[in-house]
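Asker: The structure is given below, and queries will be raised subsequently.
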Amino acid sequence: MKLLYQFMTMSFLLTVLTLSVVGISFQQFTKETLKENNYADLYRYAQSVQKNSQEHDEIYGEVRESTIVRFLQTTKTILKNQEVNLYFVMRDNHVIFPSGIEEEQARKVITKRDWQELEKGDSISKTLPTDFFLKKDERAYVMVPYYKKTNETMKLYGALVVTQPTHYIKERLEPQIINLIKGFFISIVFAFLFGLTFSQVHIQRIQRLRKVTNEIAKGNFCINISPQGNDELTELAEDFNKMALSLSDSEQEILRQEERRKQFMADASHEMRTPLTTIHGLLEGFEYGMIPEDEKKNAIILMKNETNRLIRLVQDNLDYEKIRTGQITLKRTTFNACEVVQNILVQMESAALEANNELIFTTSVPMMMFADKDRFTQIVVNLVNNAIQFTKNGTITLSFSENELETILTVQDTGIGMDEESMKNIWERYFKADPSRKNTTGESGLGLSIVKQLMDLNKGKIEVESELGVGTTFILKFIKRTSEGEESLC
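Residues in the sequence shown are numbered from 1 upward in steps of one, following UniProt numbering.
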């Protein structure tokens, strides 16, 4: 079943059920109200006769049946058009008005229990399916006690009974029932129209969601839904927009990573081709005896350097993949980080001098570090190497500091620096802050990515501060040891 029809059916059934319950309740309430009003009218008639008759009895000092009969006859004549009948039944069930009613018939109307209630001074209201002559005629009865004074005491003399057919109640109720039925059907029509309109509005909103879903399925992640209202469908539309935005960002990220991958493959191919071409050319020179004897040593050194360049390129990629896939296990120990840094600077001094850079280490006291020593060495080498690549005729300064929780290493250079966009991407694979250097540095673009991965594995933090044309500062924070011995991380 279509959702539109489900909404309409649900709305229609709910309306019918509500109107039915309200209508039946209203009908019963109205019927009971009319019955009570009818009893009240009959009770007033009985009280009027009782009052007039008893006032007359007080004049003569006794209860006279003739007086009661005369008042009943007069009242009956007045109320004749309303089909109101009056009866007077003695305590022994003898009917003095009207005549012709047997005591047995009276007992069917006024039961023994009714007499007990009348003796207490209570009035009685009830509806019976027959009249006093036991003919089938549903009537409402009101019975009031009639007392006479005997020896200064009041004694029940009889019962004054006033009756009226109940069809008067039905006649009064019928117009209201007809109006109620009319209102019922009018309400159903309006409910149907309202349900149709309400359902169509919601179906249109759902159709918009369906249309957007189809667009997303086709790969259009830039589509957006304008939320309307403040309900669950609005929340769904907002979640849909978030999903579309997330998918769009994911697609852009995939495209960006794919572009980086292609760029890396092009860079790697070029970097591998350059040393391979050099090595191949020198080997051909050796093969055909084209290299002079005094140049052979330089040729061998050149081939060795180019081979190391290839090894470094492959090793960087292997390291990155091992770190990314969790194949590296770190063993954190406590060691003197100053000694490690000093050894690294000695090894890299020649590379720095080639770029006319000065390496400076400002910490002279031992600084204990809790980390994997080999990977710490790799981190420092990568950062210093990165600083040398992007600094010419400048300085590269390393220093240690500490607080209660961390040991901090700062690597600062006076190189080309980076803008904010570059700083957001430096940890990503294949990214180079200065693409123009890709053909001259021979680097894979993985150095800083490896640094970030290794810092995470060491439970450390790395921050970067940079200004374009001024320089860059890397701040590495290592958590201090909390227990003795080694700690393995993977």
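Beta carbons are placed, not taken as given, at the ideal position from N, Cα and C, and that holds for glycine.
Within the chosen definition, does the region 356-369 reach the region 456-473 through at least 3 CB pairs nearer than 8 Å?
Answerer: no
Asker: Could you name the residues of the same chain whose beta carbon sits closer than 8 Å to that of Thr234, not counting the 5 residues immediately before and after it, in chain order?
Answerer: As a first step, residue 234 is located in the sequence shown; it is residue number 234 there, counting from the start. Apart from the 5 residues on each side of it in sequence, Thr234 sits with its Cβ closer than 8 Å to the Cβ of Pro227 and Gln228 in its chain, given in chain order.
Asker: Can you tell me which of Ile328, Thr407, Thr482 and Tyr5 puts its alpha carbon nearest to the alpha carbon of Ile203?
Answerer: For the purposes of this step, residue 203 is taken as residue 203 along the sequence shown, with counting starting at 1. Per the Cα distances, Tyr5.
Asker: How long is the line joining the alpha carbons of Lys452 and Thr334, rounded to whole angstroms?
Answerer: Taking the sequence shown and counting its residues from 1, the one referred to as residue 452 is at position 452. Taking the sequence shown and counting its residues from 1, the one referred to as residue 334 is at position 334. The alpha-carbon atoms of Lys452 and Thr334 are separated by roughly 21 Å.
Asker: Return the first residue and the last residue of the beta strand (DSSP E) that Arg210 is part of.
Answerer: Locating residue 210 in the sequence shown gives position 210, where the first residue counts as 1. Segment His167 to Ala217 is the alpha helix (DSSP H) holding Arg210; no beta strand (DSSP E) there.
Asker: Are the region 172-184 and the region 198-212 touching, with three or more C-beta to C-beta distances below 8 Å?
Answerer: no
Asker: So the candidates are Glu138, Val89, Met10 and Leu17; which of them puts its Cα closest to the Cα of Glu83?
Answerer: Stepping through the sequence shown from its first residue, residue 83 is reached at position 83. When each option's Cα is compared against that of Glu83, the closest is Glu138.
Asker: Would you decide whether Asp372 is buried or exposed? Buried here means 16 or more other CB atoms lie within 10 Å of its CB.
Answerer: As a first step, residue 372 must be located in the sequence shown, where it is residue number 372. By the 10 Å Cβ count, Asp372 comes out buried.
Asker: From what residue to what residue does the alpha helix (DSSP H) around Thr74 run?
Answerer: Walking along the sequence shown from the start, residue 74 turns up at place 74. Counting along the chain, Thr74 sits inside the alpha helix (DSSP H) bounded by residues Glu65 to Ile78.
Asker: By Cβ distance below 6 Å, which residues in the same chain neighbour Arg205 in space, the five residues on each side in sequence not counted?
Answerer: Locating residue 205 in the sequence shown gives position 205, counting from the first residue. Cβ within range, chain order: Leu233.
Asker: Apart from the five residues just before and just after Leu310, which ones in its own chain have a Cβ nearer than 7 Å to its Cβ?
Answerer: Residue numbering aside, residue 310 sits at position 310 when the sequence shown is read from its first letter. For Leu310, where only same-chain residues beyond five positions count, the Cβ hits under 7 Å are Met272 and Pro275.
Asker: Counting C-beta neighbours from all protein chains within 10 Å, is the total for Ile24 16 or more, i.e. buried, or is it exposed?
Answerer: Along the sequence shown, read from residue 1 onward, the residue named residue 24 stands at position 24. Label assigned to Ile24: exposed.
Asker: Looking at Ala387: is its Cβ nearer than 8 Å to the Cβ of Asp419?
Answerer: Taking the sequence shown and counting its residues from 1, the one referred to as residue 387 is at position 387. Taking the sequence shown and counting its residues from 1, the one referred to as residue 419 is at position 419. No; because the gap between Cβ atoms is not below 8 Å, this pair is not in contact.
Asker: Give the straight-line distance between the Cα atoms of Gly281 and Asn385, rounded to the nearest whole angstrom.
Answerer: In the sequence shown, residue 281 corresponds to position 281, counting from 1. In the sequence shown, residue 385 corresponds to position 385, counting from 1. Those two C-alpha atoms are separated by around 29 Å.
Asker: Specify the secondary structure class of Ala159 as computed by DSSP and reduced to three states.
Answerer: To locate residue 159, count along the sequence shown from 1; it is residue 159. Of the three classes helix, strand and coil, the one that applies to Ala159 here is strand, per DSSP.
Asker: Taking Cβ to Cβ, would you say Ile169 is nearer than 8 Å to Leu34?
Answerer: Sequence index remark: in the sequence shown, residue 169 carries index 169 (1-based). Sequence index remark: in the sequence shown, residue 34 carries index 34 (1-based). The answer is yes: Cβ separation under 8 Å.
Asker: Starting from Ile360, follow the beta strand (DSSP E) in both directions and report where the run begins and ends.
Answerer: As a working note, residue 360 is residue 360 in the sequence shown. Looking at the DSSP string, the run of the beta strand (DSSP E) that includes Ile360 is Glu358 to Phe361.
Asker: Is it buried or exposed, Gln389, if we count other Cβ atoms within 10 angstroms and call 16 or more buried?
Answerer: Sequence index remark: in the sequence shown, residue 389 carries index 389 (1-based). Buried is the call here.
Asker: Can you give the Cα-Cα distance for His94 and Thr74, rounded to whole angstroms?
Answerer: Taking the sequence shown and counting its residues from 1, one reaches residue 94 at position 94. Taking the sequence shown and counting its residues from 1, one reaches residue 74 at position 74. Cα to Cα, His94 sits roughly 21 Å from Thr74.
Asker: Quick one: Cα of Met1 to Cα of Ile188, how far?
Answerer: To locate residue 1, count along the sequence shown from 1; it is residue 1. To locate residue 188, count along the sequence shown from 1; it is residue 188. Because Met1 sits at a pLDDT of 49, beneath the cut-off of 50, its placement in the model cannot be relied upon, and the following sentence gives the value as read from the coordinates. Roughly 22 Å between the two C-alpha positions.
Asker: With a cut-off of 8 Å, do at least 3 Cβ pairs link the region 95-112 to the region 133-152?
Answerer: Yes, since at least three Cβ pairs between the region 95-112 and the region 133-152 fall closer than 8 Å, the two stretches touch.
Asker: CB-CB under 8 Å to Glu117, same chain, minus the five flanking residues each way: which ones, in chain order?
Answerer: Taking the first residue of the sequence shown as 1, we reach residue 117 at position 117. Cβ neighbours of Glu117 beyond the five flanking positions: Ile124.
Asker: Can you tell me which of the three DSSP states Lys480 falls into?
Answerer: Stepping through the sequence shown from its first residue, residue 480 is reached at position 480. Coil at Lys480, not helix or strand.
Asker: For Gly460, I'd like the list of residues in its chain whose CB is within less than 8 Å of its CB, leaving aside the five on either flank, ordered along the chain.
Answerer: Your numbering for residue 460 matches position 460 in the sequence shown. Closer than 8 Å at Cβ, skipping near neighbours: Ala371, Leu476, Lys477, Phe478 and Ile479.
Asker: Is the region 326-342 touching the region 373-381 in the sense that three or more CB pairs, one from each, lie closer than 8 Å?
Answerer: yes
Asker: Roughly how many angstroms lie between the CA atoms of Glu65 and Ile96, to the nearest whole one?
Answerer: Along the sequence shown, one-based indexing puts residue 65 at 65. Along the sequence shown, one-based indexing puts residue 96 at 96. When rounded, the distance between both Cα atoms is 8 Å.
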